[in-house]
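K.L.:
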Amino acid sequence: MIQAVDYIRVLPEIVLTLFGVAIMMVEGALPPRASRKPLGWLAFVGTLAALAATVYQAGYPGMAFFGMVRVDSFSIFFHFLIAFIAALVVLSSFEYLDAQQIRGGEYYGLILFGAVGMVLMSSAVELVLIFIALEISSISTYVLAGFRRRAPSSIESSIKYFLLGSFATAFFLYGVALIFGATGSTRIYMIAETIQGGKHSAMVFTAVALMFVGIGFKIAAAPFHVWTPDVYEGAPAPVVGLMSTAPKAAAFAVLLRIFFAAATPGWFWPVWISAALSMTLGNISALVQDNVKRLLAYSSIAHAGYLLVAFAAARDIGISAAMFYTAAYALMNVGAFAVVSHFASAGERYVTLEDYAGLGRRSPVLAATLTIFLLSLIGIPITGGFFAKFYVFSAALKSNLVWLVIIAVVNSAIAAYYYLRIIVLMYMRDAREPAPTVQNVSAPLGVALALTVAATIYLGVLPGRVLDYASRGAALLVR
Amino acid sequence: MPQNYVPIFIFIAVVAILIPLTLGIAKLVRPEKPEKAKLMPYECGVDPIGDSRQRYTVRFYIVAILFVIFDVETIFLFPWAVLYKALAWFGFIEMMIFLTILIVGYVWVWKKGALEWI
Amino acid sequence: MVPISYYLVLSAILFSLGVVGFLIKRNLITLFMSIELMLNAVNLAFVAFAWQWKSLNGQVFVFFVMVVAAAEAAVGLAIIIAVFRTRETLNVDRVNLLKL
Chain U
2 MIQAVDYIRV LPEIVLTLFG VAIMMVEGAL PPRASRKPLG WLAFVGTLAA LAATVYQAGY
62 PGMAFFGMVR VDSFSIFFHF LIAFIAALVV LSSFEYLDAQ QIRGGEYYGL ILFGAVGMVL
122 MSSAVELVLI FIALEISSIS TYVLAGFRRR APSSIESSIK YFLLGSFATA FFLYGVALIF
182 GATGSTRIYM IAETIQGGKH SAMVFTAVAL MFVGIGFKIA AAPFHVWTPD VYEGAPAPVV
242 GLMSTAPKAA AFAVLLRIFF AAATPGWFWP VWISAALSMT LGNISALVQD NVKRLLAYSS
302 IAHAGYLLVA FAAARDIGIS AAMFYTAAYA LMNVGAFAVV SHFASAGERY VTLEDYAGLG
362 RRSPVLAATL TIFLLSLIGI PITGGFFAKF YVFSAALKSN LVWLVIIAVV NSAIAAYYYL
422 RIIVLMYMRD AREPAPTVQN VSAPLGVALA LTVAATIYLG VLPGRVLDYA SRGAALLVR
Chain R
1012 MPQNYVPIFI FIAVVAILIP LTLGIAKLVR PEKPEKAKLM PYECGVDPIG DSRQRYTVRF
1072 YIVAILFVIF DVETIFLFPW AVLYKALAWF GFIEMMIFLT ILIVGYVWVW KKGALEWI
Chain Z
1253 MVPISYYLVL SAILFSLGVV GFLIKRNLIT LFMSIELMLN AVNLAFVAFA WQWKSLNGQV
1313 FVFFVMVVAA AEAAVGLAII IAVFRTRETL NVDRVNLLKL
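Chains as they are written, first to last, in this note's numbering: chain U, 2 to 480; chain R, 1012 to 1129; chain Z, 1253 to 1352.
1) Just to confirm before moving on: does the CB-CB distance between U/I77 and U/Q102 stay below 8 Å?
2) Since U/I3 meets chain R, which of its residues come closer than 7 Å, beta carbon to beta carbon?
3) Of all the beta strand (DSSP E) runs that stay within the bounds of the segment 375-455 of chain U, which reach a length of 3 or more residues?
4) What does U/M427 touch in chain R if you count any residue whose Cβ is under 7 Å from its own?
5) Roughly how many angstroms lie between the CA atoms of R/G1102 and R/L1113, to the nearest whole one?
6) Going by DSSP, what residues sit across from R/V1026 in a beta bridge?
7) Just to confirm before moving on: does the CB-CB distance between U/I86 and U/L308 stay below 8 Å?
8) Tell me which residues of the segment 1114-1126 of chain R have at least one Cβ-Cβ distance to chain U shorter than 7 Å, keeping chain order.
9) Apart from the five residues just before and just after U/A252, which ones in its own chain have a Cβ nearer than 8 Å to its Cβ?
10) Going by DSSP, which residues form a beta bridge with U/G63?
11) Using three-state DSSP, classify U/R295 as helix, strand or coil.
12) To the nearest angstrom, report how far apart R/A1037 and R/G1124 are at their CA atoms.
13) At the level of alpha carbons, what is the spacing between Z/S1257 and U/A178?
14) Between Z/T1341 and chain U, is any beta-carbon pair separated by less than 8 Å?
15) Do we get a CB-CB distance below 8 Å when we pair Z/T1282 with the residues of chain U?
16) As a quick exercise: from U/L460, U/L446, U/L450, pick the residue whose alpha carbon is nearest that of U/D1.
17) Are the beta-carbon atoms of U/I318 and U/A262 separated by less than 8 Å?
18) Go ahead and label Z/L1260 buried or exposed: buried means 16 or more other beta carbons lie within 10 angstroms of its beta carbon, across all protein chains shown.
19) Closest Cβ-Cβ distance between Z/M1290 and chain U: below 8 Å?
20) May I have the straight-line CA-CA distance separating U/F344 from U/Q440, to the nearest angstrom?
21) Residues of the segment 1317-1338 of chain Z in Cβ contact with chain A at a cutoff of 7 Å, in chain order, please.
22) From U/S364 to U/I423, what does the alpha carbon distance come to, in whole angstroms?
23) Please confirm whether Z/F1315 has its beta-carbon closer than 8 Å to some beta-carbon of chain R.
24) Going along the chain, which unbroken runs of the beta strand (DSSP E) with 3 or more residues stay wholly within the segment 18-55 of chain U?
25) In angstroms with no decimal places, state the Cα-to-Cα distance between Z/L1289 and Z/A1297.
26) Can you check whether the C-beta of U/L354 is within less than 8 Å of a C-beta belonging to chain Z?
27) So R/K1047 is in the alpha helix (DSSP H); what residue range does that whole segment cover?
28) Return the CA-CA distance between Z/F1313 and U/F181, expressed in angstroms with no decimal places.
29) State yes or no: is the beta carbon of R/I1076 nearer than 8 Å to at least one beta carbon in chain U?
30) Is the beta carbon of U/G461 closer than 8 Å to that of U/I379?
31) Got a sec? Which residues, its chain only, sit under 6 Å from U/L128 by beta carbon, not counting five neighbours each side?
32) Quick one: does Z/Q1304 have its CB under 8 Å from some CB of chain U?
33) Let me know the secondary structure DSSP gives U/E127 once reduced to three states.
34) Alpha carbon to alpha carbon, how far is U/A436 from U/I320?
35) How many angstroms separate the CA atom of U/F95 from the CA atom of U/V240?
36) What are the residues that DSSP puts in a beta bridge with U/T327?
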């Protein structure tokens, strides 16, 4: 039967939903011309409350709601990460919404509702619940992608994301149906028991392949990545910061659970190929981009590839490496998109590489911040990106994936070129005439940037604690 | 097995009696003042004759979208109603929470003016 | 008694029709209908498996899938209307501001 502790195990979801609902109610009651800033602060308080709920929840691990939800160090790790990302995105949205003259408190509500889905994805251990959580997060982000309603590019990004996203979730769902047919259950741990009994029918393999298509789309892994550049280019920049990190982190959590906890067969080669393809296609396409948002979109495809390398590795070290990578990648990417969103100005005018020329002189602090994120994306020591890559590659090497590591290292070298190109443009080139104006960074955005920089460097200098926590989550996951 | 179809035949028979009966009674009871607009199949103004691909106002879409959402959500009320006794208070409270969230959505739609027919 | 494989084959055919429709059709609404067809194919598979395993779970999943599909339909149609407002067309080939 349901007990009170069951509700504690979904406390972050409950808190986020309550705040989201409250925002919608207040939005309806506010006069149309009133400022929507208070709603943003309400959303920020909501994400903080979700963080607090996650910390509180950590004391009550276990299954809840008839074995549908499982709270362990693994899900706590992702809960914390997702709530933190949502908080950062809310902080970096205030100024952006003003600049784009978007009035709509629903924006903040949708961020919270999306976060509900993502948080639920990381703790759900039942495939249909995972599907519902996936849809909660996706539907919110479809709408958020089209939030610059008057800009045709934003609507176009929204429709592309919507169509391809629902196409992919249909595949995932078909996979769920087939695995239900093959094993008679949709609970991950029950499926694991059935499969370890040695029943590997063709249906299980088909189901696994279909689920990989669905999740592969969400994490933007090749060959399911074609939507990424278009969607990221058109969607509002802070929203891209959200959807290139939090839903991906949640989808990786799902993938880790299905991959390692259910130990479904037939994963290895698809993941190997997808990892190699994502890294190569992502990095090579990024070389020729002149739009910063597109460039970061290709870079995020490449990073999904590096992450998948960890999946091909053995379970004990692979999982913790993947978790660490997700966290490090999420922080630096949210930060990078926060800078991009600030610099883009009204109507997202300044988003080409040319616009970044001379930024180092005109706005040294902003340029330095972006440089830190870019260095971290390359994987330079003392940034989080370095240890993330280091752990993933060493996990892969320990599992004798020499070829995959070689591909990954070559790709990292290629990637360094286009990240460094932005840095070179910022510091060594003069701004084009007339130079894009750079506004002062507002206080909330400043706090968000300071937090991401601090977190990125913290992960790069003292990765031990986070990695320890990740390994504990990993150990629980495979048991 | 033919006897399985007996209920269906009973159903057809009931329909065959009931519909002419109700229509007939209505015809006898109601006042009849026909005019052009009233005799059109859709009183709301869509012309039913002509190319079916003609464009009509977007408000129909909004109403349809809202209808679909609120209509389909009630699907969850059915299993709850069937198992009402077994689920007892737990089911009742959960369902009220579910309905509250739905009603919040409804209030929001109302406040935003999506239900106004301008 | 109809064997379960019949239902599964039908479901697979419907799903494939949805996939093919999504890939070759050019109207946004038709693309969207293809996705709905895929979801309904999955529903059929769920019900068939529920019958095979003598478990009601599969039937309940169908409820959830239907509701999610409706929510998706609402958001999707709203986005399609927004596309039409900015473009005056529903042809995917002409929704091409962002290069693909």
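Ideal Cβ positions, reconstructed from N, Cα and C, are used throughout, including at glycine. A quick note: this is a predicted structure, and the numbers were derived from the prediction, not measured.
P.N.:
For this structure:
1) Start at 1 with the first residue of the first sequence, and residue 77 of chain U comes out as number 76. Start at 1 with the first residue of the first sequence, and residue 102 of chain U comes out as number 101. No, they are not a contact pair.
2) Translated into positions along the first sequence, residue 3 of chain U becomes position 2. For U/I3, the residues of chain R that pass the 7 Å Cβ criterion are F1101, in the order they occur in the chain.
3) Within the segment 375-455 of chain U, no run of beta strand (DSSP E) reaches 3 residues while sitting entirely inside it.
4) Here residue 427 of chain U is taken as the residue at index 426 of the first sequence, counted from 1. Near U/M427 there are no residues of chain R at all, since even the closest Cβ is about 43 Å away, more than 7 Å.
5) Residue numbering aside, residue 1102 of chain R sits at position 91 when the second sequence is read from its first letter. Residue numbering aside, residue 1113 of chain R sits at position 102 when the second sequence is read from its first letter. Each residue's Cα considered, the two are about 16 Å apart.
6) Your numbering for residue 1026 of chain R matches position 15 in the second sequence. R/V1026 is bridged by DSSP to nothing; it lacks a bridge partner.
7) On the first sequence, residue 86 of chain U is found 85 positions in, with the first residue counted as 1. On the first sequence, residue 308 of chain U is found 307 positions in, with the first residue counted as 1. Cβ atoms of U/I86 and U/L308: not closer than 8 Å.
8) Hits within the stretch, in order: V1115, V1118, W1119, K1122, K1123.
9) Within the first sequence, numbered from 1, the residue matching residue 252 of chain U stands at position 251. Contacts found: M122, L135, I216, K219, I220.
10) The residue given as residue 63 of chain U occupies position 62 in the first sequence. Answer by DSSP bridge pairing, in chain order: U/V72.
11) The sequence position of residue 295 of chain U within the first sequence is 294, counting from 1. Helix at U/R295.
12) Numbered from its first residue, the second sequence carries residue 1037 of chain R at position 26. Numbered from its first residue, the second sequence carries residue 1124 of chain R at position 113. About 37 Å.
13) Stepping through the third sequence from its first residue, residue 1257 of chain Z is reached at position 5. Stepping through the first sequence from its first residue, residue 178 of chain U is reached at position 177. Looking at the two C-alpha atoms, the distance is approximately 14 Å.
14) Numbered from 1 along the third sequence, position 89 holds the residue referred to as residue 1341 of chain Z. No - not a single Cβ of chain U is within 8 Å of the one on Z/T1341.
15) To locate residue 1282 of chain Z, count along the third sequence from 1; it is residue 30. No, because no Cβ of chain U sits closer than 8 Å to the Cβ of Z/T1282.
16) The structure shown has nothing for residue 1 of chain U, since chain U only spans 2 to 480.
17) Taking the first residue of the first sequence as position 1, residue 318 of chain U is located at position 317. Taking the first residue of the first sequence as position 1, residue 262 of chain U is located at position 261. The answer is no: Cβ separation not under 8 Å.
18) Residue mapping note: residue 1260 of chain Z aligns to position 8 of the third sequence, counting from 1. Z/L1260 should be labelled buried.
19) For the purposes of this step, residue 1290 of chain Z is identified with residue 38 of the third sequence, where counting begins at 1. Closer than 8 Å to some Cβ of chain U, the Cβ of Z/M1290 qualifies, so yes.
20) The residue labelled residue 344 of chain U in the question sits at position 343 within the first sequence. The residue labelled residue 440 of chain U in the question sits at position 439 within the first sequence. Their Cα atoms are separated by approximately 8 Å.
21) Given the protein chain composition of this structure (U, R and Z), no chain A is represented.
22) Residue numbering aside, residue 364 of chain U sits at position 363 when the first sequence is read from its first letter. Residue numbering aside, residue 423 of chain U sits at position 422 when the first sequence is read from its first letter. Each residue's alpha carbon lies about 15 Å from the other.
23) The residue labelled residue 1315 of chain Z in the question sits at position 63 within the third sequence. Yes, Z/F1315 lies at the interface with chain R (some Cβ there is under 8 Å from its Cβ).
24) Qualifying beta strand (DSSP E) stretches: none in this window.
25) Within the third sequence, numbered from 1, the residue matching residue 1289 of chain Z stands at position 37. Within the third sequence, numbered from 1, the residue matching residue 1297 of chain Z stands at position 45. Cα to Cα, the separation comes out at about 13 Å.
26) Stepping through the first sequence from its first residue, residue 354 of chain U is reached at position 353. Answer no: the Cβ-Cβ gap between U/L354 and chain Z never drops below 8 Å.
27) Looking up residue 1047 of chain R in the second sequence gives position 36. Note, R/K1047: alpha helix (DSSP H), 1047-1050.
28) As a working mapping, residue 1313 of chain Z is identified with position 61 in the third sequence. As a working mapping, residue 181 of chain U is identified with position 180 in the first sequence. Rounded to whole angstroms, Z/F1313 and U/F181 show a C-alpha spacing of 11 Å.
29) Residue mapping note: residue 1076 of chain R aligns to position 65 of the second sequence, counting from 1. Chain U, which has no Cβ nearer than 8 Å to the Cβ of R/I1076, makes this no.
30) Stepping through the first sequence from its first residue, residue 379 of chain U is reached at position 378. Stepping through the first sequence from its first residue, residue 461 of chain U is reached at position 460. Taking 8 Å as the Cβ cut-off, U/I379 and U/G461 do not qualify as a contacting pair.
31) Counted from its first residue, the first sequence places residue 128 of chain U at position 127. Correct list, in chain order: V177, T187.
32) Here residue 1304 of chain Z corresponds to residue number 52 of the third sequence, with the count starting at 1. In terms of beta-carbon proximity, Z/Q1304 lines the interface with chain U, with at least one pair separated by less than 8 Å.
33) Start at 1 with the first residue of the first sequence, and residue 127 of chain U comes out as number 126. Collapsing the DSSP output to three states places U/E127 in a strand.
34) Looking up residue 436 of chain U in the first sequence gives position 435. Looking up residue 320 of chain U in the first sequence gives position 319. Spanning the alpha carbons of U/A436 and U/I320 requires a straight line of approximately 46 Å.
35) Indexing the first sequence from 1 puts residue 95 of chain U at position 94. Indexing the first sequence from 1 puts residue 240 of chain U at position 239. Using only the alpha carbons, I get a separation of about 12 Å.
36) Locating residue 327 of chain U in the first sequence gives position 326, where the first residue counts as 1. BP columns for U/T327 are empty, so no partner.
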